[in-house]
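Take any residue in the sequence shown, count from 1 to its spot, add 88: that is its number in this note's numbering.
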Amino acid sequence: MYKKGQVTIFIVVGIVILLAVASVWFLISSNETMKAEREKAQIDAARGMSSSITPYVESCLHTVAQQGTHFIATRGGHFNLPPEFFNEFPPTAFYIYNDQKLVPTLEDVGTELSTYIDAQLQYCLDFTSFTNYVIETESPHADTTITENTITVTLSLPTTIQKGESTATIEKYKVSLLENRLGTAILVANTIVDEIVKDPEMLCFSCIFNVASSHDFDVLIDSYDQSTYLFQLQDLSENDAYIFTFAIQLEEVNA
Numbered sequence: 089m090y091k092k093g094q095v096t097i098f099i100v101v102g103i104v105i106l107l108a109v110a111s112v113w114f115l116i117s118s119n120e121t122m123k124a125e126r127e128k129a130q131i132d133a134a135r136g137m138s139s140s141i142t143p144y145v146e147s148c149l150h151t152v153a154q155q156g157t158h159f160i161a162t163r164g165g166h167f168n169l170p171p172e173f174f175n176e177f178p179p180t181a182f183y184i185y186n187d188q189k190l191v192p193t194l195e196d197v198g199t200e201l202s203t204y205i206d207a208q209l210q211y212c213l214d215f216t217s218f219t220n221y222v223i224e225t226e227s228p229h230a231d232t233t234i235t236e237n238t239i240t241v242t243l244s245l246p247t248t249i250q251k252g253e254s255t256a257t258i259e260k261y262k263v264s265l266l267e268n269r270l271g272t273a274i275l276v277a278n279t280i281v282d283e284i285v286k287d288p289e290m291l292c293f294s295c296i297f298n299v300a301s302s303h304d305f306d307v308l309i310d311s312y313d314q315s316t317y318l319f320q321l322q323d324l325s326e327n328d329a330y331i332f333t334f335a336i337q338l339e340e341v342n343a
């Protein structure tokens, strides 16, 4: 049998062990709680940084994309003109040249608009006003989808934002240009070219005007000689309407 003194020692030792275990558990629990709170604070800070930067970049992206639609519209949907182009004012792409139909697809024009955005976005973005952040970006790469009435741009622009010990990363941005009829202008131009190709020796101006007006476009046709014509389509349905321009070169025709 244990003596009374021995029992007391065992009780004391047990209490010490229990207190030690409780202390260790408390420290571990406290560390885990502090770690979780720190991670939550970092996540909240990252969200706060992202919520500041994302709208700014997407606003710039929207502005540059809108400007880009006006620019490439004057060049037949091209950012970089083809080797053979209409070299008068305004310089633009030929949609018929050497008996070839050269109308770009919506995908082609989307690629051209993406090239414009990649080249011009740097002139809009200026992070110096975000004085509390350290912001670094990689090279932009836009992917543009054009439909008849909408343009959607997804921009890959890896962005690292740092504020104190908090860091946030944004990979992509996205904007849509609603009620933008650049795609419709291309389809109208393609239909006009098809009308011309039917009988290239006799331009049917009434047919061309009917095609344009049926899609709420006006069309201006300038003749530079008996074989070269400049077409300018103006969207009548938009307040911020742009001019879509292209040229054709045919054998001498009778109008």
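Each residue gets a CB set at the ideal place from its N, CA and C atoms; glycine is no exception.
Source: prediction; values computed, not measured.
Reduced DSSP secondary structure (H/G/I, E/B, other) of residue i
{"i": "residue 311", "result": "strand"}
{"i": "residue 244", "result": "strand"}
{"i": "residue 144", "result": "helix"}
{"i": "residue 318", "result": "strand"}
{"i": "residue 174", "result": "strand"}
{"i": "residue 196", "result": "helix"}
{"i": "residue 167", "result": "coil"}
{"i": "residue 131", "result": "Its pLDDT being 43, under 50, residue 131 is placed unreliably in this model, and the value from its coordinates should be taken loosely. Reduced to three states, the DSSP call for residue 131 is helix."}
{"i": "residue 207", "result": "helix"}
{"i": "residue 282", "result": "helix"}
Inter-residue CB distance, residue i and residue j (contact presumed, cutoff 8 angstroms)
{"i": "residue 145", "j": "residue 213", "result": "7 angstroms"}
{"i": "residue 180", "j": "residue 236", "result": "Contact flag wrong, Cβ pair sits at about 22 angstroms."}
{"i": "residue 67", "j": "residue 323", "result": "In the structure as shown, the chain starts at 89 and stops at 343, and residue 67 therefore has no counterpart that could be examined."}
{"i": "residue 162", "j": "residue 143", "result": "Not confirmed; about 30 angstroms, so no contact."}
{"i": "residue 307", "j": "residue 291", "result": "The Cβ separation is near 12 angstroms, so there is no contact."}
{"i": "residue 318", "j": "residue 174", "result": "7 angstroms"}
According to DSSP, residues forming a beta bridge with residue i
{"i": "residue 265", "result": "239"}
{"i": "residue 338", "result": "The partner list for residue 338 (beta bridge, DSSP) is empty, contrary to what the question assumes."}
{"i": "residue 250", "result": "222, 255"}
{"i": "residue 185", "result": "188"}
{"i": "residue 306", "result": "322"}
{"i": "residue 160", "result": "Note: residue 160 sits in no beta bridge, so no partner."}
{"i": "residue 230", "result": "243"}
{"i": "residue 333", "result": "320"}
{"i": "residue 180", "result": "174"}
Cutoff 8 angstroms: residue i Cβ touching any chain B Cβ
{"i": "residue 228", "result": "Here there is only one protein chain, and chain B is not present."}
Residue j beta carbon less than 8 angstroms from that of residue i
{"i": "residue 302", "j": "residue 337", "result": "no"}
{"i": "residue 334", "j": "residue 221", "result": "no"}
{"i": "residue 223", "j": "residue 257", "result": "no"}
{"i": "residue 176", "j": "residue 312", "result": "yes"}
{"i": "residue 209", "j": "residue 270", "result": "no"}
{"i": "residue 299", "j": "residue 283", "result": "yes"}
{"i": "residue 331", "j": "residue 249", "result": "no"}
Self-check item: the segment 167-180 in contact with the segment 274-281 per 3-pair CB rule at 8 angstroms
Solution: No, the segment 167-180 is not in contact with the segment 274-281.
Quiz item: Is the segment 196-207 touching the segment 223-230 in the sense that three or more CB pairs, one from each, lie closer than 8 angstroms?
Solution: yes
Exercise. State whether the segment 142-157 contacts the segment 308-327, with contact taken as three or more CB pairs (one from each stretch) at a distance under 8 angstroms.
Key: no
Practice problem: Count the CB pairs spanning the segment 254-273 and the segment 236-245 that are closer than 8 angstroms, and state whether there are at least three. | Solution: Contact between the segment 254-273 and the segment 236-245 is present, because at least three Cβ pairs lie under 8 angstroms.
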